[in-house]
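Same order as they appear, the protein sequences are chains S and C.
With the first letter of the first sequence counted as 1, position 22 gets the number 27 in the numbering used here; the numbers rise by one all the way through.
With the first letter of the second sequence counted as 1, position 101 gets the number 106 in the numbering used here; the numbers rise by one all the way through.
Each residue gets a CB set at the ideal place from its N, CA and C atoms; glycine is no exception.
Everything numeric in this text was worked out from a predicted model, so none of it was measured.
Protein chains: 2
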Amino acid sequence: MGCKKLEGEEILKKWRKIRPKERFPITVILDNIRSAYNVGSIFRTAECAYISKLILCGITPYPPHPKLEKTALGTTNLIPWIYFEKTVEAIKVLKKEGFKVAVLEITKQSIPIQKIKPEDFPLALVIGNEVTGVDEEVFAEADLIIEIPLYGEKESLNVAVAFGVAIFGLIERLF
Amino acid sequence: MGCKKLEGEEILKKWRKIRPKERFPITVILDNIRSAYNVGSIFRTAECAYISKLILCGITPYPPHPKLEKTALGTTNLIPWIYFEKTVEAIKVLKKEGFKVAVLEITKQSIPIQKIKPEDFPLALVIGNEVTGVDEEVFAEADLIIEIPLYGEKESLNVAVAFGVAIFGLIERLF
Chain S
6 MGCKKLEGEE ILKKWRKIRP KERFPITVIL DNIRSAYNVG SIFRTAECAY
56 ISKLILCGIT PYPPHPKLEK TALGTTNLIP WIYFEKTVEA IKVLKKEGFK
106 VAVLEITKQS IPIQKIKPED FPLALVIGNE VTGVDEEVFA EADLIIEIPL
156 YGEKESLNVA VAFGVAIFGL IERLF
Chain C
6 MGCKKLEGEE ILKKWRKIRP KERFPITVIL DNIRSAYNVG SIFRTAECAY
56 ISKLILCGIT PYPPHPKLEK TALGTTNLIP WIYFEKTVEA IKVLKKEGFK
106 VAVLEITKQS IPIQKIKPED FPLALVIGNE VTGVDEEVFA EADLIIEIPL
156 YGEKESLNVA VAFGVAIFGL IERLF
């Protein structure tokens with residue numbers, strides 16, 4: 006095809022064309038994520054997805070934090086974020102503000118992301134710990150449990166990758 | 006909701022139910038990816054997505070490799086892979102086998118992943134270097150250039166996250 010790659014200012018111009026006037030009506034709750042690298046990566050992806058807010062809960066590392074900044078690549082100042090000690094408290098605040106709460110996890114009740122409808126927004130997406138997942142008391146507050154359909158033999162996705170797949174899948178449901 | 010999380014064998018059962026009889030008709034070409042951690046993460050995601058094959062080219066690290074195995078989490082034996090010194094040679098082989106070649110990159114000509122149609126498969130997805138992207142000679146062989154629509158102010162996605170978003174977005178186009 007011999008096409009030219011876009012660089013710097015050109016990429017910015019292309020992005021500006023498709024950026025919506027307001028941030029997408031999705032807030033993401035990180036429930037006791039362990040790895041600062043994963044949290045930094047989630048900041049970077051969240052900025053690209055132009056979501057409303059990140060809420061970091063429990064043991065989740067938060068800025069300023071050298072390891073987190075390493076993978077966030079300068080995005081911690083570009084996306085609104087807040088820290089809550091208890092995930093359930095954050096969820097209760099969002100529910101009062103009219104958010105539906107969706108936990109990302111594979112369970113008997115979980116539905117594929119593709120089944121989310123425009124009326125499910127504003128949506129609070131809860132992402133659980135890398136090993137133990139989301140706490141039972143958080144499940145008890147959830148309106149929906151959603152999953153990324155996986156087709157392999159054995160493994161699960163890395164939490165930062167799963168977040169990326171989920172968030173861009175959810176944004177698609179808004180159009 | 007108080008639902009129970011699935012564990013171990015239960016998760017496997019759920020996955021087996023939705024696993025297709027054959028791997029999805031997507032082969033992924035890694036064109037000079039630098040980081041072994043990113044490559045390992047791509048192996049892990051590729052296994053979950055049940056794609057046909059990974060082709061590792063140029064400087065891309067390949068198994069056995071300790072850093073790669075660390076993020077691949079045991080998936081390097083679960084997904085067919087092969088190494089080619091030259092990316093363009095791999096592309097030529099796949100084209101002879103009837104694959105359409107799609108480069109993942111933001112350019113003036115790129116179309117959103119969502120525009121890929123079932124008739125574009127079998128598809129070879131080319132993922133470029135973390136900093137320099139895909140080589141010009143690879144672009145010259147591409148049938149399509151696809152992009153993940155990004156809405157943020159500044160940054161781009163990490164290559165392993167971008168791969169995850171792209172591959173699950175492509176699989177959705179098959180249904």
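Does any residue of chain S bring its CB to less than 9 Å from the CB of residue i?
i: C:R39; result: no
i: C:V166; result: yes
i: C:R24; result: yes
i: C:L162; result: yes
i: C:V44; result: no
i: C:G7; result: Bear in mind that a pLDDT of 38 at C:G7, under 50, signals an unreliable position, so the number given afterwards is only what the model happens to contain. Yes - at least one Cβ of chain S is within 9 Å of the one on C:G7.
i: C:I87; result: no
i: C:E177; result: yes
Starting from residue i and walking both ways along the alpha helix (DSSP H), at which residues does that stretch end?
i: C:I56; result: First-last for C:I56: 56-62, but that is the beta strand (DSSP E), not the alpha helix (DSSP H).
i: C:A95; result: 92-101
i: S:T175; result: According to the sequence as given, residue 175 of chain S is Leu; it is not Thr. 164-177 is the span of the alpha helix (DSSP H), which, as asked, contains S:L175.
i: C:V143; result: 141-144
Given that a residue counts as buried once 16 or more other Cβ atoms are within 10 Å of its Cβ, and exposed if not, what is residue i?
i: C:G169; result: buried
i: C:N37; result: buried
i: C:I132; result: buried
i: S:F144; result: buried
i: S:F180; result: exposed
i: C:I64; result: exposed
i: C:E141; result: exposed
Establish whether the CB of residue i and some CB of chain C are separated by less than 9 Å.
i: S:F173; result: yes
i: S:F104; result: no
i: S:K159; result: yes
i: S:V170; result: yes
i: S:D36; result: no
i: S:I153; result: yes
Check for me: the beta strand (DSSP E) holding residue i runs from which residue to which?
i: C:T76; result: From DSSP, C:T76 is part of no beta strand (DSSP E) but of the alpha helix (DSSP H) over 71-77.
i: C:E124; result: Where C:E124 is concerned, there is no enclosing beta strand (DSSP E), given that its DSSP letter is neither H nor E.
i: C:F29; result: 29-36
i: S:Y88; result: 86-89
i: C:V136; result: It is not in any beta strand (DSSP E) - C:V136 carries neither H nor E in the DSSP assignment.
Meets three-Cβ-pair contact criterion under 8 Å: the region 78-87 of chain C and the region 131-145 of chain C: no
Proximal residues, the region 50-83 of chain S versus chain C, C-beta separation under 8 Å: T50, E52, C53, A54, Y55, T76, L78, G79, T80, L83
Interfacial residues, the region 119-134 of chain C to chain S, with Cβ spacing under 9 Å: Q119
contact_flag[the region 154-161 of chain C, the region 91-105 of chain C] where n(CB pairs < 8 Å) is 3 or more: no
At least three beta-carbon pairs within less than 8 Å, the region 77-84 of chain S to the region 115-130 of chain S: no
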